[in-house]
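Asks:
Numbering (my numbering), first residue to last: 1067 to 2066.
1) Between the alpha carbons of residue 1560 and residue 1401, how many angstroms are there, rounded?
2) Give the DSSP bridge partners of residue 1881, in chain order.
3) Three-state secondary structure (DSSP) at residue 1589?
4) Excluding the 5 residues flanking residue 1090 on each side, which residues of the same chain have their C-beta closer than 7 angstroms to its C-beta?
5) Report the three-state DSSP secondary structure of residue 2057 (helix, strand or coil).
6) Could you have a look at residue 1067 and say whether DSSP puts it in helix, strand or coil?
7) Note the first and the last residue of the continuous alpha helix (DSSP H) segment covering residue 1790.
8) To which residues of the same chain is residue 2008 closer than 7 angstroms at the C-beta, ignoring the five residues directly before and after it?
9) Would you decide whether residue 1775 is buried or exposed? Buried here means 16 or more other CB atoms lie within 10 Å of its CB.
10) Let me make sure I understand the geometry here. Which of 1783, 1862, 1757 and 1737 has the alpha-carbon closest to that of residue 1800?
11) Looking only at C-alpha atoms, which of 1918, 1556, 1829 and 1886 sits nearest to residue 2057?
12) Which residue comes first and which comes last in the alpha helix (DSSP H) that contains residue 1191?
13) By DSSP's criteria, residue 1164 is part of a beta bridge. Which residues make up the other side?
14) What are the residues that DSSP puts in a beta bridge with residue 2071?
15) Residue 1874 by DSSP, collapsed to three states: which one?
16) For the structure I just gave you, are there three or more beta carbon pairs, one from the region 1471 to 1482 and one from the region 1384 to 1401, closer than 8 angstroms?
17) What residue range is occupied by the uninterrupted beta strand (DSSP E) comprising residue 2014?
18) Cα-Cα, which of 2021, 2012, 2052 and 2020 is closest to residue 2031?
19) Using only alpha-carbon positions, find the residue among 1139, 1249 and 1225 that is nearest to residue 2067.
20) When you compare only the Cα positions, how much space is there between residue 1405 and residue 1347?
21) Looking only at its chain, what residues have a beta carbon closer than 6 angstroms to the beta carbon of residue 1665, apart from the 5 residues adjacent to it on each side?
22) According to the Cβ coordinates, are residue 1973 and residue 1939 closer than 8 angstroms?
23) Please specify which runs of the alpha helix (DSSP H), each continuous and at least 4 residues long, are wholly inside the region 1700 to 1724, giving them in chain order.
24) Confirm, please, whether the CB-CB distance from residue 1389 to residue 1070 is below 8 angstroms.
25) Please report the straight-line C-alpha distance between residue 1187 and residue 1591, rounded to a whole angstrom.
26) For residue 1067, count neighbouring Cβ atoms within 10 angstroms of its own Cβ and tell me buried if that reaches 16, exposed if not.
27) Is residue 1767 buried or exposed, if buried means 16 or more other CB atoms sit within 10 Å of its CB?
28) Starting from residue 1766, trace the alpha helix (DSSP H) in both directions and tell me its first and last residue.
29) State yes or no: is the C-beta of residue 1998 nearer than 7 angstroms to some heavy atom of the ligand HEM?
30) Taking residue 1921 and residue 2015 to be in contact with their CB atoms under 8 angstroms, please state how far apart those CB atoms are, rounded to whole angstroms.
31) Identify the continuous beta strand (DSSP E) that holds residue 1268 and give its terminal residues.
32) For a quick check, are the C-beta atoms of residue 1485 and residue 1450 less than 8 angstroms apart?
33) What residue does the alpha helix (DSSP H) around residue 1286 start on, and which one ends it?
34) To the nearest angstrom, how far is it from the Cα of residue 1711 to the Cα of residue 1923?
35) So within the region 1324 to 1395, which uninterrupted alpha helix (DSSP H) runs reach at least 4 residues, ignoring any that extend past its ends?
36) Count the other C-beta atoms from every protein chain shown that fall within 10 angstroms of the C-beta of residue 1234, then say buried if there are 16 or more, exposed otherwise.
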């Protein structure tokens, strides 16, 4: 194929301006209006890719979204984008593109050498090989990964912006071809809020490639201009070009991506505008005018550069002024080949048409017709040089002779049109096989809320399509309360010879014996592969797809699927309608991750939350860690301290003196209502009916399976009001859980929940000297242990601030949690620090909190539990009220045989024999110290929490161990990273087993 630029009226390029670009390291020129594909063809570039499996050279096949071969790496650095179709990449000055296939280079691909043995690599070979010898798998994996995939993801952060826009419209028209333009015009004239989308850079669709069309006495270009002008004058009509509707969902939600600035050079882009915009569109009525895609014929070597569809050849000529060859052979099943042949011949090409229909004739003497002939195979080294044509039987798909060979530099084929049914099928619709047009089509009547117009319904002739569109739009307008009598545009109907449906052109040989005939170009799926799949007993088209990879590529089978369905049906000797189609799923074309995310990135996606005391933590050089979105102090290092030294110091301060922690991040839920107690009885595993005002209680929350899902302390504020605390990371989940059960199962209970996490700042004052510090700040609460006992709360003032003071402890020490209105949190913190200065008060973070609670055997849900631990497994039967009159969540599950069986994993403590050895969390626990054949290698459990305790002067750990409560004092072995550590099983409480310290 030797593409050349020709001067032709009506092309969409600006030949007066020149753009410079590069491909594969070589510099070329093009014009505004070109795509990368058209510019490369105009420069004579034939080879643009290598095939996925065999490394065969590949060129352009299509002219739009259907292109399977010419995938390029566009741009460089942070702006590079992989797998852009060259047919959709608009040319701009300075564009840099590179092929995404071919290793080590496009000119020489190592896979092409392997491809010489392609008969040993049929469909499914990868499932039957690379299994032995087993030790070579790492090598296999390295090679396979090297060959797999196309393109490279950018390694630098994306500097571009992306956003989302929501629409609510009366009518959404998808597709800006002749029928889409008419539908939008008719909806707009009826006064309906209308949105028209088209994936191309300008409206018109196939009209841009068919200059012979006449509508209402105007040629294609004039008709497009007139409709555009009318739509622009309607303020209630919006037109979006470069916008692809890629998914259709329930209740007429359509998502579309607009390529706002991809057609501009990076230096010309507006920094205040997004690169891509995702449109989320709700429409009362959707009109699908998505058209059809021409499918190629399947014949030998139909993947050689220089082979493309007839419509692609016509489009490159009419839109871009590129003649794809000087000597062109066209082969087709309908008059579409003659439409293109006349145009190509008029542009100066020598054109021969091999028409599979006997009796076909040329429309003009400018080209030659060989009626009743088809292509057996294309020939040439690296590109098309010749084509072998064979005579065909008049009725059967058989070759009747050896045929003849013609010299050519381009081959264009047309197997008919395949309606673009994808969007119609995304939310459950299915296309039907229409034998009269040899295609899967959608119903002309559409379905509720969705009208289908034009070629997508199998109405391929322009006059018929416009008439069908008008009929459908009359129904749409009536449904939307805007009945009108619409006029069908006048359009001549040319005489057409009936098409002869053909898919796999015969070559006179058994399938697989001749040259490879490809169905799916991107994945190297041949007709022989499909027949092999059927022979291997894959009879469902979905199974055939997965066995062969038919339609798996970035083009999602736009060219290949229908040919594949028909070849499968014939191999199965079943009707095509019975074989059906594979499932059409979004996205219709690839969508950038940036567009899907929009502004939902970094802080806008996962915002960091800060307590009111955060500035004080930063001022004290606290190391911070994220906990459930909150940025919390991890530890407070002094100069020269690492984390371990800081944590040891903080732990000793909490045990021997006084320490303070910001506990504001705990989830807080206020529960009100006359049925609040009963609600808590059902939600928690323990009893709440008798909890008095001024008292607190620890509770376990179980899921339906009886497994612990959260825990916390809840206080009775008033008779019908409770203040529940949850884990920091579980606050939102617990609130949803409460609302779910109230709204769906117990709506009769008079109770309501309010999240008050952000309403309160909480400062935990911990240690033997905590009471002395608080006494300096709190003159109106009796802090004596007789009148303010453990698990009590009091209302009063702390440093002049209204406060709730809870005497609860997550450390096992005397502890007070001071709660004030959130805005006063920092003032409270600084007041506490000042009051505690004479006692050497020490701020501490989450790491110290973990050590203190582990010393006391307190669990952390999600760390010491994993969704499979019941209260009994945690040795917390005391927190389960089995005698409550109404069943609590999870109660029934606790009686299941598996939940109650012996040998379940249970929470225990571990004491390493080496007191300096800190176990690795997650390490596996076994009875045996040696893993060897014949030994008891059963994994008994794993380490859940492990720390060094400065207070005890040794390491401690918590673990879940099978039958752990019965293994106390046993020696087990912890295995991690090739190291074995002997440990002694103990109780999970390491400090103050009787709990005396917190009751002082």
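By construction, the Cβ of each residue, glycine as well, lies at the ideal position given by its N, Cα and C atoms.
No experiment lies behind these values; they were computed from the predicted model shown.
Replies: Let me lay it out:
1) Residue 1560 and residue 1401: Cα-Cα distance of roughly 10 angstroms.
2) Per DSSP, 1832.
3) Note: residue 1589 maps to coil in three-state DSSP.
4) Answer for residue 1090: 1164, 1165 and 1172, listed in chain order.
5) The DSSP-derived three-state label of residue 2057 is coil.
6) A caution first: residue 1067 carries a pLDDT of 43, below 50, which makes its placement in the model too unreliable to give a value.
7) That residue, residue 1790, is in no alpha helix (DSSP H); its beta strand (DSSP E) goes 1787 to 1792.
8) Take residue 2008, set aside five residues on each side of it, and the residues of its chain with a beta-carbon closer than 7 angstroms to its own are 1988, 1989, 1990, 1991, 2025 and 2026, in chain order.
9) With 16 or more Cβ atoms within 10 Å of its Cβ, residue 1775 is classed as buried.
10) Comparing Cα-Cα distances from residue 1800 to each of 1783, 1862, 1757 and 1737, the minimum goes to 1737.
11) Just measuring C-alpha positions, the residue of 1918, 1556, 1829 and 1886 sitting nearest residue 2057 is 1918.
12) From DSSP, the alpha helix (DSSP H) with residue 1191 extends over 1191 to 1194.
13) Partner(s): 1139.
14) Only positions 1067 to 2066 of the chain appear in the structure, and residue 2071 is not among them; the question remains open.
15) Coil, per DSSP.
16) Touching, yes.
17) From DSSP, the beta strand (DSSP E) with residue 2014 extends over 2007 to 2015.
18) Looking at the Cα atoms, 2052 is the closest of the given residues.
19) Given a span of 1067 to 2066 for the chain in the structure shown, any question on residue 2067 remains unanswerable.
20) One alpha carbon belongs to residue 1405, the other to residue 1347, and they sit about 38 angstroms apart.
21) Here the set comprises 1229.
22) In contact: residue 1973 and residue 1939 (Cβ atoms closer than 8 angstroms).
23) DSSP runs (the alpha helix (DSSP H)) wholly in the region 1700 to 1724: 1709 to 1722.
24) Taking 8 angstroms as the Cβ cut-off, residue 1070 and residue 1389 qualify as a contacting pair.
25) Rounded to whole angstroms, residue 1187 to residue 1591 spans 11 angstroms at the Cα level.
26) Caution applies to residue 1067, whose pLDDT of 43 falls short of 50 and renders its modelled position unreliable; the model cannot decide the point.
27) Around the CB of residue 1767, 16 or more other CB atoms lie within 10 Å, so the residue is classed as buried.
28) Here residue 1766 belongs to no alpha helix (DSSP H); instead the beta strand (DSSP E) covers 1762 to 1768.
29) Among the components modelled here there is no ligand, and therefore nothing to report on the ligand HEM.
30) Between the beta-carbon of residue 1921 and that of residue 2015 there is about 6 angstroms, and that keeps the pair under the 8 angstroms contact cut.
31) If you look at residue 1268, you'll find it isn't in any beta strand (DSSP E); DSSP assigns it neither H nor E.
32) The Cβ atoms of residue 1485 and residue 1450 do not sit closer than 8 angstroms to each other.
33) First-last of the alpha helix (DSSP H) with residue 1286: 1286 to 1298.
34) Computed Cα separation, rounded: 22 angstroms.
35) With a minimum length of 4 residues, the continuous alpha helix (DSSP H) runs that stay inside the region 1324 to 1395 are 1376 to 1386.
36) Residue 1234 should be labelled exposed.
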